[in-house]
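Structure, as structure tokens:
Residue numbers (my numbering), protein chains in the order written: chain A, 29 to 336; chain B, 26 to 696.
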């Protein structure tokens, strides 16, 4: 079990029943890295907009489906009780209703879209008394590098964050496009070489959450998984200290150029110190974009089974 | 280098799956060729089909291409579903480099070589008949368009055996598709297939726009045209506006890959976001290019099988043109997650949602067409009803994805994939199947077997729901698309269910193939004697089945929205046909091998460019140009069908129709 064991069973069941009231198939998507089981304010807000929009549309979609099947059945040729009205081909009143219903629905939904786009703009900081933790994320072929500029450390394929404190991500790509996505924390965003995208997320409580690349990026794409570990603030400080004192390498330009080469299923590891300008060098291409397969023959790529 | 990059290494001798597949396809093709030659069908095929410029024949060939490629694309689909059903904590049977080719080929084939030729085929076949025209505006260009499309399909299939196909998805997003990250020939196969078939699609679009606007029977004003002609106009206006964008975008990527340009590269000022914008400026109108003709088919079918005129015709015309216009204002909803900011996302979210208004209007108008009707559940009508229900669901999930915060959770997920399969299978493919069953008797003179048609329908519909409703759940469970393998246990049950759905669809396809064979064998019993098997309302049913090359012995004069229905009612009242018209000679365009020959050279051009065989590319380009010159300097381009021949054909149909009226009269006397 990855993230399922975090919440008490009763709370999960209550949430389950709440969802079942909306629509059953959605409720079935209850565990795993489900976006319907958000663990932070952004994910929760995204989800409530999703459910609200769905409810608004179901109010018109369900009657429409019933009417389609009902009309087709009642007006079947073999039904002598149905009145044949071949001249019923235009009615101003019906047209009025026919244009108004979807229009009114979309006006309502348009409001949701407008407000939601501003409230949940990924670049918008999360209102919190605590200052946001800065994390710089880089997608590589095919792993994730997370740099903690204020702590002076970095990690590959694992993201440790303090629970209850907002995190501001600056994200870029070392080579091709992909997307940074932690389903249970909320919004995803693209990573692109030579550019930075901004994302703000927060985990409310400690837990381990599934993170993934959400935009196809080549052969190693399905292995670009990382765990997000949200830990209590004190424990986060401990982790930072432990990482600084570990006998691990330093992330300087030569180490980065080595990391940048294509590889798959890289086990998580950390860098005890970083070149403070490393992220800027990547974004500004002072460190060149990933070399692609040209310098890494396909046969030399490791493709081991993932271990857990 | 005589053969450019082409060496024996290009043949995947170490990969059994594509090799066996290609072997089977090769054996089938050779067997068909031998059979055709032995039976002596080659001159017939050459004269009556390959060089034909008859819009009906070209329409049929488009549909045949679509059906064959549907089988090919479906094999890809079921391979992907099987891979994902077993690749839990395991590599499955498809390594990434193969799996990635399969999903790229599946999308490319299904959109460009199934959905596109299917709808273009139906439009080509039915629109001139519905307009009361003898042919399309540019008959030879029409043939060129078809054969260039076939060239594209051929190149995609050659990639199965020689080299590889793109591993970058059905839209090759840079920088992944740039030479640096995709050094193989896969992306080049993609580019040249679509550059060549894109020209074919563009000329088909120009041809059909001109036909709808210019080639009418007398009195066929715009607001008397059947709904299918309106949706054809809208769809082809979109083709003319959008396909040059696709071609230009692909040319830019080609320049990047071949000549070291930097349109979309990481370095030297290239910008991959520009590719995203350009490709979707084509890509979003593209989905309406596909769905609008199908909306037209449903309009015809619902009206015919409800035995009522279409409800709210003018409202439907308005809705169609509104969709046509709005479809160019929404492309950004394909990448809300690029970080454009709240202003941009909000505006494009709202414009996207607005498209649901005219689409909803259409659904309601079909609903009210059934209201007060006498609905008979023939196979085309079953497809139409299944479409209405399915499309409402697909439309809803689409609008949900147009809400940016919801898209931030669902973008690129299986939810998105389920959404577009929901609208493309449930909308485009169901519509194409409805049109296929509906116009088949018109094209061939006999109906398709009803029982097998219904059995196949149920397999397809049930299979679709079983295969794709789990996709929605998987998307909500955080599963992203294009996963060659995965480690999340919660996904697995749904992927196994989806595999089951694909198997049910397979049964539907087998039944469709069986339907063709059984119908051909029982064609005498299924014969459509008079040319009006469904008690139709629009003009195409006034012609015999199959219609003669000239369609109408005398061009009909149109006096209302349902000209054929009015003529038929009058005949039923008076129990006699109208007086025989005065027949005259008819001029028709001569057959021309231009399309086939230019496509022959285009195939070599594409293949040579893919493999950098420059001398062959030059030769092929010269050959294609020479073909054009020969055609342009032709002396005779028309031939005369004498009045006697026209009279003979028309009288045969009139006597069949009179016989029906005589039976009707006898029945009335008996009562």
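Every residue gets a Cβ at the ideal spot worked out from N, C-alpha and C, and that includes glycine.
Buried or exposed: which applies to residue 246(B), given that a residue is buried once 16 or more other Cβ atoms fall within 10 Å of its Cβ? Burial call: exposed.
- When the distance is taken between beta carbons, is residue 571(B) closer than 9 Å to residue 687(B)? Not closer than 9 Å, so no.
Next on the checklist: Tell me whether residue 181(A), by its Cβ, gets closer than 8 Å to a heavy atom of the ligand MN.
Outcome noted: Of the ligands one can find in the structure shown there are none, so the ligand MN has no counterpart to examine.
Using DSSP's beta-bridge definition, name the partner residues of residue 278(A). For residue 278(A), which the question treats as bridged, DSSP gives the partners 301(A).
* With a CB to CB cut of under 8 Å and the five nearest residues on each side skipped, what residues in its chain are close to residue 342(B)? -> Only 248, 252, 255 meet the Cβ criterion.
Original post:
Do you know how far the Cα of residue 517(B) is from the Cα of residue 484(B)?
Top reply: Approximately 23 Å between the Cα atoms of the pair.
Subject >> Where the alpha helix (DSSP H) containing residue 193(A) begins and where it ends >> reply: Where residue 193(A) is concerned, there is no enclosing alpha helix (DSSP H), because DSSP gives it neither an H nor an E.
Problem - Nearest-angstrom Cβ-Cβ length linking residue 671(B) and residue 611(B), presumed shorter than 8 Å - result: About 6 Å separates the two Cβ atoms, so the contact holds.
Can you grab the Cα-Cα spacing for the pair residue 180(A) / residue 529(B), in whole Å?
-> Going by the C-alpha atoms only, they are around 56 Å apart.
Could one say the Cβ of residue 319(A) lies closer than 9 Å to chain B's Cβ atoms, at least one of them?
-> Judged by the 9 Å Cβ criterion, residue 319(A) is in contact with chain B.
**Message:** Are the CB atoms of residue 184(A) and residue 173(A) within a distance shorter than 9 Å?
**Reply:** Less than 9 Å separates the beta-carbon of residue 173(A) from that of residue 184(A).
| request: Closer than 6 Å by C-beta to residue 681(B): which residues in its own chain qualify, once you throw out the five before and the five after it? Chain order, please. | output: Around residue 681(B): 554, 555.
>> Check whether the segment 522–536 of chain B and the segment 76–84 of chain A touch, using three or more Cβ-Cβ pairs below 8 Å as the test.
In response: No, the segment 522–536 of chain B does not touch the segment 76–84 of chain A.
key: Beta-ladder partner(s) of residue 198(A), from DSSP   = BP columns for residue 198(A) point to 164(A), 226(A).
Tell me which residues share the same chain as residue 373(B) and place their Cβ nearer than 7 Å to its Cβ, disregarding the 5 neighbours each side in the sequence. Only residues of its own chain outside the window of five on either side were considered, and among them 355, 357, 358 have a CB closer than 7 Å to the CB of residue 373(B), listed in chain order.
If distances are taken between C-alpha atoms only, which option among 317(A), 65(A), 247(A) comes closest to residue 222(A)?
Comparing Cα positions, the closest option is 317(A).
Self-check item: DSSP-derived helix/strand/coil call for residue 613(B)
Solution: It is a strand residue.
*Residue interval of the beta strand (DSSP E) (run including residue 258(A))*: From DSSP, the beta strand (DSSP E) with residue 258(A) extends over 254–259.
Does the distance from the CB of residue 448(B) to the CB of residue 488(B) come in under 9 Å? No. Outside cutoff.
Checklist entry - Does the segment 404–411 of chain B come within contact of the segment 101–113 of chain A, defined as at least 3 CB pairs closer than 8 Å? => result The answer is no - the segment 101–113 of chain A does not touch the segment 404–411 of chain B, with fewer than three Cβ pairs under 8 Å.
key: Neighbour flag for residue 103(A) against chain B, beta carbons, 9 Å   = Yes, contact with chain B.
Measuring CA to CA, which of 622(B), 414(B), 79(B), 210(B) is closest to residue 86(A)? Nearest option by C-alpha distance: 414(B).
| query | In chain order, what residues of the same chain lie with their CB nearer than 8 Å to the CB of residue 493(B), ignoring the 5 residues before and after it? | reply | Contacts found: 443, 446, 447, 450, 523, 526.
### Query
From 512(B), 310(B), 600(B), 33(B), pick the residue whose C-alpha is nearest to that of residue 346(B); which is it?
The option with the nearest alpha carbon to residue 346(B) is 310(B).
I need the boundaries of the beta strand (DSSP E) containing residue 259(B), first residue and last residue. No beta strand (DSSP E) holds residue 259(B); the alpha helix (DSSP H) holding it covers 252–284.
Q. When burial is assigned at 16 or more other CB atoms within 10 Å of the CB, is residue 542(B) buried or exposed?
A. Label assigned to residue 542(B): exposed.
For residue 642(B), count the other beta carbons within 10 Å of its own beta carbon; 16 or more makes it buried, fewer makes it exposed. Which is it?
By the 10 Å Cβ count, residue 642(B) comes out buried.
Check your understanding: Can the beta-carbon of residue 247(A) be found less than 9 Å from the beta-carbon of residue 170(A)?
Key -> Contact flag set, yes.
Interface residues of the segment 502–517 of chain B facing chain A [CB-CB below 9 Å] = Of all residues in the segment 502–517 of chain B, 502, 503, 504, 505, 506, 507, 508, 509, 510, 511, 512, 513, 514, 515, 516 have a Cβ within less than 9 Å of some Cβ in chain A.
- request: Just confirm the distance between the C-beta atoms of residue 242(A) and residue 270(A), as a whole number of angstroms; I'd bet it's less than 8 Å.
  value: Between residue 242(A) and residue 270(A) the beta-carbon gap is near 30 Å, outside 8 Å, which marks them as no contact.
Practice prompt. Take the Cβ of residue 121(A) as the centre, count every other Cβ of all protein chains shown within 10 Å, and call the residue buried at 16 or more, exposed below.
Written response: With fewer than 16 Cβ atoms within 10 Å of its Cβ, residue 121(A) is classed as exposed.
Ignore the nearest five residues each way along the sequence and tell me which others in residue 398(B)'s own chain have a CB closer than 7 Å to its CB.
Annotation for residue 398(B): 331, 332, 333 place their beta carbon closer than 7 Å to its own, counting only its chain and skipping 5 residues before and after.
In this structure, how does DSSP classify residue 113(B) when only helix, strand and coil are distinguished? In the structure shown, residue 113(B) falls within a strand segment according to DSSP collapsed to helix, strand and coil.
Q) For residue 433(B), which residues of its own chain have a beta-carbon under 8 Å away from its beta-carbon, when the five flanking residues on both sides are left out? A) Cβ neighbours of residue 433(B) beyond the five flanking positions: 361, 362.
message = Buried or exposed for residue 430(B), going by 16 or more other Cβ atoms inside 10 Å?
response = By the 10 Å Cβ count, residue 430(B) comes out buried.
Could you confirm whether any beta carbon from chain A is found closer than 9 Å to the beta carbon of residue 333(B)?
Cβ-Cβ to chain A under 9 Å: yes for residue 333(B).
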